[in-house]
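Heads up: the sequence shown begins at 0 in numbering that gives the first Met the number 0, then just goes up one per residue.
A virtual CB, placed ideally from N, CA and C, is assigned to each residue, including glycine.
As the structure is a computational prediction, the values presented were derived from the model and not from experiment.
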Amino acid sequence: MPATPNFLIIGANKGGTTSLFAYLKEHPEVFVPKIKEPMFFNYYNKHGEDGVFRSQKIIKTLDSYQQLFAGSENFKARGEASTSYLANPYCAKNIYDFNPEMKILAVLRNPIERAFSNYLMYVRWNDEPRSFRKAIQDELNGVDLPQGKQYIYLGRYLNSLQTYRDTFGAGQLKIFLNEDLRTNPSNTFEEICS
0 MPATPNFLII
10 GANKGGTTSL
20 FAYLKEHPEV
30 FVPKIKEPMF
40 FNYYNKHGED
50 GVFRSQKIIK
60 TLDSYQQLFA
70 GSENFKARGE
80 ASTSYLANPY
90 CAKNIYDFNP
100 EMKILAVLRN
110 PIERAFSNYL
120 MYVRWNDEPR
130 SFRKAIQDEL
140 NGVDLPQGKQ
150 YIYLGRYLNS
160 LQTYRDTFGA
170 GQLKIFLNED
180 LRTNPSNTFE
190 EICS
């Protein structure tokens with residue numbers, strides 16, 4: 000059987016997962032694929048072909064997902080980071096069905112800072128014409144928005160984290176704060192690796 004991940008970084012988006020992914024990529028006992036956010040568990044057990052989002056490949060098939068980890072058999076830790084996993088209510092079960100022993104890492108950021116940073120990302124992409132105030136008002140008024148533009152919802156971590164804790168148990172879920180990665184990266188990284 001091909002090597003598969005034994006840890007996942009599930010989010011939060013704009014929380015520091017890219018930095019953590021880069022740190023882990025440098026560790027000699029850790030394998031991470033070239034694609035940072037394959038988003039595979041958003042589509043697990045669904046039929047479909049791989050896709051693309053903003054020039055980023057999205058992995059929807061088991062064969063393609065396993066290919067991401069080809070050559071990783073001798074690494075102690077193998078994992079990937081897809082920030083959409085935290086807020087997607089189906090991902091915890093999908094991940095558990097795939098590997099009930101999976102270690103789950105979450106990096107959280109102040110929800111207001113995270114929301115504004117998320118908003119600015121879409122503005123840079125020329126994909127958010129609204130003001131931040133209007134975007135927040137639309138969400139509060141129940142306007143149907145794609146997950147990535149649900150700026151408030153994506154910062155409501157408690158329910159999502161509880162789902163992962165209920166699914167995997169407290170021993171397989173570790174939560175870190177973005178501030179810890181920024182202010183004390185060495186100790187935080189050491190704790191993550193342990």
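Identified DSSP bridge partners for residue i
i: Val106; result: Phe175
i: Gly15; result: Beta-bridge pairing links Gly15 to no other residue.
i: Val142; result: In DSSP, Val142 forms no bridge with anything.
i: Val29; result: Ala76
Beta-carbon contacts of residue i that lie in its chain and below 6 Å, excluding the five residues immediately before and after
i: Tyr95; result: Thr166
i: Phe39; result: Ile58 and Tyr64
i: Pro88; result: none
i: Gly154; result: Pro110, Arg113 and Ala114
Extent of the continuous beta strand (DSSP E) to which residue i belongs
i: Ala239; result: The structure shown does not extend to residue 239, since the chain is modelled only from 0 to 193, so the question has no answer here.
i: Leu7; result: Phe6 to Gly10
Helix, strand or coil at residue i according to DSSP, with G and I counted as helix
i: Ile34; result: coil
i: Phe68; result: coil
i: Asn125; result: coil
i: Met120; result: helix
i: Ala2; result: coil
i: Tyr42; result: coil
i: Glu100; result: coil
The alpha helix (DSSP H) enclosing residue i, as first and last residue numbers
i: Ile151; result: Element bounds for Ile151: n/a, residue is neither H nor E.
i: Asn186; result: Pro184 to Cys192
i: Ala86; result: Ser83 to Ala86
i: Tyr156; result: Tyr156 to Phe167
i: Asn93; result: Cys90 to Phe97
Same chain only: Cβ atoms within 7 Å of residue i, ignoring 5 sequence neighbours per side
i: Phe20; result: Ile8, Val31, Lys35 and Ala80
i: Ser18; result: Leu180
i: Arg164; result: Leu172
i: Arg108; result: Ala11, Lys13, Gly14, Gly15 and Asn177
Cβ-based neighbour list, residue i, same chain, cut-off 8 Å, excluding 5 preceding and 5 following
i: Thr162; result: Pro88 and Ala91
i: Phe68; result: Pro1, Ala2, Thr3, Pro4, Phe30, Pro32 and Arg77
Residue i: CB within 7 Å of a non-hydrogen atom of the ligand PLP
i: Phe40; result: The model depicted lacks the ligand PLP and carries no ligand whatsoever.
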